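Here's the structure, in structure tokens; my notes come after.
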Amino acid sequence: MKPTGNDAPSPRAVGIIPARWGATRFPGKLLARLGKRTVIEHVYRRASQAEELDSIRVATDDPRIAREVESFGGEGIMTSPRPRTGTERVADACRGLEAGIVINIQGDEPFIRGGMIDILVRELAREPGLGVVTLVKKQAGGDWLDDPDQVKTVLDRQGFALYFSRSPIPAPGPAPPPVAYKHIGLYGYRGDFLELLVELAPGPLEIQERLEQLRVLEHGYRIKALETDYDTIGIDTPGDLERARSRLELSGGGGTGRE
9 MKPTGNDAPS PRAVGIIPAR WGATRFPGKL LARLGKRTVI EHVYRRASQA
59 EELDSIRVAT DDPRIAREVE SFGGEGIMTS PRPRTGTERV ADACRGLEAG
109 IVINIQGDEP FIRGGMIDIL VRELAREPGL GVVTLVKKQA GGDWLDDPDQ
159 VKTVLDRQGF ALYFSRSPIP APGPAPPPVA YKHIGLYGYR GDFLELLVEL
209 APGPLEIQER LEQLRVLEHG YRIKALETDY DTIGIDTPGD LERARSRLEL
259 SGGGGTGRE
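Just so we're aligned, residue 9 is where the sequence shown starts under the working numbering, counting upward by one.
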């Protein structure tokens with residue numbers, strides 16, 4: 009993360025980690041232990057390795073998470089309890105920051121890498137016409153395609169997302185799909201586009217799929233998808249936490265936040 013002083017100007021690029029307690033399937037998951045640290049501390053420390061961010065904040069409305077962030081030296085910001093989605097919480101945390109670029113970093117992705125964040129910041133800085141960018145990973149077919157917790161996407165020839173789904177896309181046919189993309193839930197927004205996005209109403213596809221990124225597509229805007237070679241494990245269930253613990257043990261990174 010870029011060094012800043014007390015008299016530093018408003019950050020050009022900020023990372024916001026939306027963090028709520030009440031996840032439906034796994035309440036309190038961000039404070040679950042993963043090696044020697046909590047899930048949220050792993051995320052914060054890994055995000056801090058990004059070179060292109062001016063600052064990082066954890067946005068939460070729960071004092072338990074706020075206390076944990078403070079305990080490991082992170083910067084937290086209390087938000088209103090009104091936000092219904094992570095994107096709305098990110099936007100709420102950005103009010104008054106005058107950030108040109110905002111990175112929405114999922115609080116339950118302890119294996120993100122700073123370089124993944126840097127890809128998004130650099131693309132938005134390079135292409136001023138883009139409103140939102142995200143990451144995808146090309147993967148071979150397999151059981152993950154039928155897993156509704158693994159979000160799939162298909163792209164056009166310019167690398168923009170055509171659709172996101174919890175179902176296999178493209179549909180099964182006589183041959184395996186030529187390309188299968190797993191969506192990595194990391195987003196970069198231009199600040200003014202984020203303000204516009206949270207004022208838009210959810211559409212029927214977003215509600216049906218339970219994927220808030222579909223709001224962008226349903227309202228006629230585009231999402232640029234950038235490829236990464238790195239995979240992550242989102243902590244949605246206690247089973248995911250066990251998989252993450254196994255991965256951490258194999259990497260020998262239990263106390264460092266690194267693999």
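Ideal Cβ positions, reconstructed from N, Cα and C, are used throughout, including at glycine.
Keep in mind it's a predicted model, so treat the numbers as computed, not measured.
Asked	Found
Nearest to Leu213 by alpha carbon, out of Pro246, Ala188, Arg174 and Glu250?	Arg174
How about Gly199 and Gly242: do their beta carbons lie closer than 8 angstroms?	no
What are the boundary residues of the alpha helix (DSSP H) that includes Glu76?	Pro71 to Ser79
If you reduce the DSSP assignment to three classes, tell me which class Gly247 lands in.	helix
Can you tell which of Pro246, Lys44 and Leu208 has its C-alpha closest to the C-alpha of Leu225?	Leu208
Which residues in the same chain as Asp151 place their Cβ atom closer than 8 angstroms to its Cβ, once the five residues preceding and following it in sequence are excluded?	none
Taking buried to mean at least 16 other C-beta atoms within 10 Å of its own C-beta, is Arg54 buried or exposed?	buried
Please determine, among Asp244, Asp155 and Leu202, the residue with the shortest C-alpha to C-alpha distance to Val230.	The amino acid occupying residue 230 in the given sequence is Arg; Val does not appear at that position. Answer by Cα proximity: Leu202.
Label His191 either buried or exposed according to how many other C-beta atoms from any shown protein chain fall within 10 Å of its C-beta, with 16 as the threshold for buried.	buried
Look at the alpha carbon of Pro180 and the alpha carbon of Ala169, and state the distance between them as a whole number of angstroms.	19 angstroms
DSSP three-state call for Glu117: helix, strand or coil?	coil
Tell me, please, whether the segment 140-151 touches the segment 80-92 by the rule of three or more beta-carbon pairs shorter than 8 angstroms.	no
Enumerate in chain order the residues of its own chain whose CB-to-CB distance from Ala188 is below 6 angstroms, with the five nearest sequence positions on each side excluded.	Gln147 and Gly149
Determine the direct distance from the alpha carbon of Gly23 to that of Ala67, and round the result to whole angstroms.	10 angstroms
Are the Cβ atoms of Ile48 and Glu76 separated by less than 8 angstroms?	yes
Which parts of the segment 19-92 are runs of the beta strand (DSSP E), unbroken and 3 residues or longer, counting only runs that do not cross its ends?	21-26, 63-68 and 84-86
Name, in chain order, the residues that DSSP records as bridge partners for Tyr189.	Lys146 and Thr161
Taking the Cβ atom as the reference point for each residue, do Leu132 and Gly196 lie within a distance shorter than 8 angstroms?	yes
How many Å lie between Thr93 and Glu220 at the Cα?	8 angstroms
Would you mind working out which of Leu38, Gly247, Arg45 and Lys232 sits nearest Gly139, comparing C-alpha positions?	Lys232
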